[in-house]
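For reference, the structure discussed in these notes is given below.
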Amino acid sequence: MDQDLKTELSKHGIFATTFEELYNWGRKNSVWPLTFGLACCAIEMIATTMARYDLARFGAEVFRPSPRQADLMIVSGTVTKKMAPQVVRLYNQMPEPKYVIAMGACAISGGPFRDGYNVLKGIDRYIPVDVHIPGCPPRPEALIHAFMALQDKISAQHLTGESRPRHLKAELPSEFPVPDFGEHGLEPAQNDEIFHNPLKVLQG
Amino acid sequence: MTLEEIKTRLQTGVPGCRVEIVVNGSPSAQNSLLIDRRDGLAAARFLRDDIQLDFCSNATAVDWPDREKTDKVKTRQVVDGVEKEIEQTVKTRIPGYLEMVYHLFSITNREVGNQEPVVLRMRTGNRTDDVTLPSLTPVWRSAEFQEREAYDLFGVEFEGHPDLRRILMWEGFTDHPMRKDYVPPPDDEREISGGQ
Amino acid sequence: MEYEQGEIMEISMGPQHPSTHGVFRMDVRLDGERVVRLKPVFGYLHRNHEKLAEAGSYLASIPYTDRLDYLCSMTNNWGYALAVEKLAGLAVPERAEYIRVIVAELTRLQNHAGMVGFLLQDMGASGTPLMYAFRERERVLDLFETLSGARMMCNYMRFGGVRVDCSEEWLNQARKLTGGFNGFLDEFEQMLTSNEILMARTQGVGVLPPELAINAGVTGPGLRASGVNYDLRKVDRYGIYDRFQFRVPLGDHGDVFDRYMMRVLELRETLKILEQALRDIPPGPIMDPKAKLRGLRPKVGEAYGRIESPKGELGFYLISDGTPNPYRYRVRPPSLINLTVLEDMCLGHNIADVVVILGSIDIVMGEVDR
Amino acid sequence: MGKSLPIAPVEHPWATIVALLVAAFVFGGIPLSLAWVWARLFSPPKPGVQKNAIYECGLEAKGDAWIQLNVSYYLYAIVFLIFDVEAVFLLPFAAAYSGLSLGACLAMLVFLLLLVEGLIWASQKGVLTWGS
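Protein chains in written order, with the numbering used here: chain A, 1 to 204; chain B, 205 to 400; chain C, 401 to 770; chain D, 771 to 902.
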């Protein structure tokens, strides 16, 4: 659908859209997050939903406590090794299509607590992450920017063809193996299908 | 009421109680009472009831691994007929132990443990097999979670603790991570991030 | 209390639960709706703060103390700075002491307001009181941001003083805020305190007797709600709190309503302290000149310093062995020790009251699990 | 009389109600069926063991929710049910109250008094006090 035809028509008050755009427009403006606060970033997430920063402008102020009714998991805070199996199980229990925002340095890579013995070095070891927000804690504006980035990502999705999103492809898994508690750490230490350690990749 | 007074009252109140005062080098001058672990519980009950230290604010463990103390010793020795003074470095190995430190305050009686804590210390035999200490939870319930944390992170066994389980790490975890000689698992991030 | 033959249901108000103020888990056994047994489970946010502090220098641990009780970063800094000043024997100039009192009491303002908002949220008033509370909290966070550069993680205090001096214009903003806060409090109290639903849900719920409170080491508003007069600002008189006239509110039933009233009355006392401190803050240096920051090597020894943080008695126990890294770094977490009596308060109540009782204790998981 | 006046045929009195009913069902049914068609056409179902497991705050659910609860819950529910249904019966009585004869009032009073007597018996039995 070429853009200038569309703008031309809209000058005359005719609104033309494709079915795909309508579908994505509907989904991106009603992303329901899961009430899932881990640490300090959770307080910034709550501050974002409050009157001053008002996440409701993006249709995301409905925080659903149960994963059955949520389609976005904001991992806000340090994911410890004791909490990692619960995070992955919650992600598995969310219906497709589901997205993950890794909020804060701790969720991305362990952050300031990286060398802790009970700290998971980033949640992308076990579940795929859609948007990363750096910061410790990221400001409410940064979280709103993450929502806008997620909405751009959703509106760029195609319904058919090879570049379909994960939830429309039957062969891609909707569940990821839940790590279990070992003697000294989590077993397995990470999920190798979806986690490619950037530093190891560099070292070849 | 100074620490010496408390010590003397403790020795009279709890017969045969082995107490000594450990001097604290820092300007805070918070010296502490080192009590032998065999009569730790009796001393604690006496401190709470008689000296009215009814608020155990902080209970924590400290890990003292084995240490080598090298000190110069001047000895007189006969070296090929001539008596000379030779300086020798003597390496004495001090066996390590785990230590529990309790900071006691008093809420009801303001002239003891009012602004400065009365510090009570107990030491285990060594760091491997003889690591049991009397739990002071029956005396002060505030020590319950803190002693569980000492058990979890340092490996100090407490007899008489109502519910001795790991509090912070998961049940299947076998190490005691806060000890000085804890080696974390070969988590590949550690070498890359240059952790210790 | 004998139980009819109804079976016991075991549920876990687990790590991800809207009522648990973070990743805190309670294994609850219920006979119908009545709580029969309640075992708290911790460790889901154990970030090894003490192990990392032993690996870093004294100065490097100050940003980590912000993340202990991540609602009150200034009072955490002050607790740690006080302990190190005791360990190393440092003095703090006049103006720095005043600034410390001002920012600590501002922290108490936004913490207690937040606590009341979250308590009402636990009671079911989802959103509205929290919106009011966070509106005031945002004003205090603006002050912190202009002063220290960060909203929540201020990293502001140093051993022997504070990092940045506050300008006269900042002090005027603080005066304006404390002036307006009384209006917010009247509005809040007029909406809440005489509300019969709040009274019905909180009076007589989760009673904590004073002797059990003292023996179990409960500190802060929870202890004073049971009628025990123990406020470190009056007992230890650390900093310059002996120069200010303020009263310590005491409750007499020790139930959830008293703990709620403690926060509201303490807010009023905090405003009095702020007015006096903002009125007579002297000019002068803000750092003790001979305090070394980066290469601080305290003498071999130990020190235990404690302050009255909004949650209770926050203590830091430091052992130094002469090297720049602390040998042992221990945080006395008021939130964790206040939870010792959670089961005693919840037995016999309904499952909905457990949520309110936990909200009245006001825990923050960063401090509970460290 | 010649041609009668072109008055609208008297349609069946229930017609409007039926039309509204059909419209309601259609209005509700279209999005649901569209969603069902959409699900079959585009988004493949991905059931899984973990996904369908019982949600218990992120943990594995242990124990069973189907247990024998305390009996006072059951008694409470039954007593409520009786008096709730009684209220429903009173509604038509209240609606037609002005046009009723004495006999109808007496009949309804008998019904009411029977139930009030039942309520008194229940409270004396102690069913209404909780957990006794």
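Just so it is clear, CB atoms sit at the ideal spot from N, CA and C, and this is done for glycine as well.
Tell me the DSSP secondary structure of residue i in three-state form.
i              : result
residue 478(C) : helix
residue 176(A) : coil
residue 751(C) : helix
residue 529(C) : helix
residue 427(C) : strand
residue 315(B) : coil
residue 395(B) : Annotation note: pLDDT 46 at residue 395(B) (below 50); position unreliable, no value reported.
residue 690(C) : coil
residue 402(C) : Any reading at residue 402(C) is ruled out, since the residue's pLDDT is 49, under 50, leaving its predicted position unreliable.
residue 237(B) : strand
residue 713(C) : strand
residue 478(B) : Outside the shown range of chain B, which is 205 to 400, sits residue 478(B), and nothing can be said about it.
residue 597(C) : helix
residue 473(C) : helix
residue 759(C) : helix
residue 24(A)  : helix
residue 259(B) : strand
Which residues bound the alpha helix (DSSP H) around residue i?
i              : result
residue 489(C) : Here residue 489(C) belongs to no alpha helix (DSSP H), and DSSP marks it neither H nor E.
residue 570(C) : 568 to 592
residue 769(C) : 765 to 769
residue 789(D) : 785 to 811
residue 363(B) : Run containing residue 363(B): none in the alpha helix (DSSP H); it sits in the beta strand (DSSP E), 361 to 363.
residue 10(A)  : 3 to 11
residue 737(C) : 734 to 738
Between the C-alpha atoms of residue i and residue j, what's the straight-line distance to the nearest angstrom?
i              : j              : result
residue 134(A) : residue 435(C) : 42 Å
residue 228(A) : residue 465(C) : Nothing can be reported for residue 228(A), as the shown portion of chain A is limited to 1 through 204.
residue 140(A) : residue 33(A)  : 15 Å
residue 831(D) : residue 751(C) : 18 Å
residue 520(C) : residue 64(A)  : 18 Å
residue 657(C) : residue 663(C) : 10 Å
residue 125(A) : residue 373(B) : 20 Å
residue 363(B) : residue 378(B) : 20 Å
residue 451(C) : residue 116(A) : 7 Å
residue 54(A)  : residue 144(A) : 9 Å
residue 348(B) : residue 243(B) : 19 Å
residue 246(B) : residue 218(B) : 7 Å
residue 857(D) : residue 417(C) : 39 Å
residue 515(C) : residue 50(A)  : 15 Å
residue 249(B) : residue 343(B) : 6 Å
residue 129(A) : residue 21(A)  : 24 Å
residue 652(C) : residue 661(C) : 11 Å
Leaving aside the five residues before and after residue i along the sequence, list all residues of the same chain whose C-beta is less than 8 Å from its C-beta, in chain order.
i              : result
residue 215(B) : 221 and 223
residue 167(A) : 96, 97, 98 and 174
Provide the residue span of the beta strand (DSSP E) that contains residue i, from first to last.
i              : result
residue 288(B) : 286 to 298
residue 862(D) : Here residue 862(D) belongs to no beta strand (DSSP E); instead the alpha helix (DSSP H) covers 841 to 865.
residue 347(B) : Residue 347(B) -> not in any beta strand (DSSP E); alpha helix (DSSP H) instead, spanning 347 to 358.
residue 674(C) : Note, residue 674(C): premise wrong, no beta strand (DSSP E); alpha helix (DSSP H) at 656 to 679.
Kindly examine the ligand FAD and report whether one of its heavy atoms sits closer than 7 Å to the Cβ of residue i.
i              : result
residue 172(A) : This structure does not include the ligand FAD; it has no bound ligands of any sort.
Once the 5 residues before and after residue i are set aside, which same chain residues still bring their CB inside 6 Å of it?
i              : result
residue 174(A) : 96
residue 189(A) : none
residue 510(C) : 537 and 540
residue 736(C) : 768
residue 563(C) : 556
residue 494(C) : 682 and 684
Skipping 5 residues on each side, what residues in its chain have a beta carbon closer than 7 Å to that of residue i?
i              : result
residue 358(B) : 265, 267, 302, 380, 382 and 383
residue 205(B) : 315 and 316
residue 8(A)   : none
residue 488(C) : 559, 696 and 698
Anything in chain E within Cβ reach of residue i, meaning under 9 Å, just list it in chain order.
i              : result
residue 635(C) : Included in the structure are the protein chains A, B, C and D, with no chain E among them.
Assess contact between the stretch 692 to 701 of chain C and the stretch 228 to 242 of chain B, defined as three or more Cβ pairs (one per stretch) separated by less than 8 Å. Is contact present?
yes
I'd like to know if the stretch 711 to 720 of chain C and the stretch 611 to 626 of chain C are in contact, where contact means that at least 3 CB-CB pairs between them fall below 8 Å.
yes
Would you call the stretch 735 to 753 of chain C and the stretch 598 to 608 of chain C in contact, with 3 or more CB pairs under 8 Å?
yes
Should the stretch 669 to 687 of chain C be called in touch with the stretch 572 to 580 of chain C, which here means at least 3 C-beta pairs below 8 Å?
Short answer: they touch.
Are there three or more Cβ pairs, one per stretch, closer than 8 Å when the stretch 453 to 463 of chain C is compared with the stretch 722 to 733 of chain C?
yes
Decide if the stretch 849 to 863 of chain D is in contact with the stretch 102 to 118 of chain A; the criterion is three or more beta carbon pairs, one per stretch, under 8 Å apart.
In short, these stretches do not touch, since the Cβ pair count stays below three.
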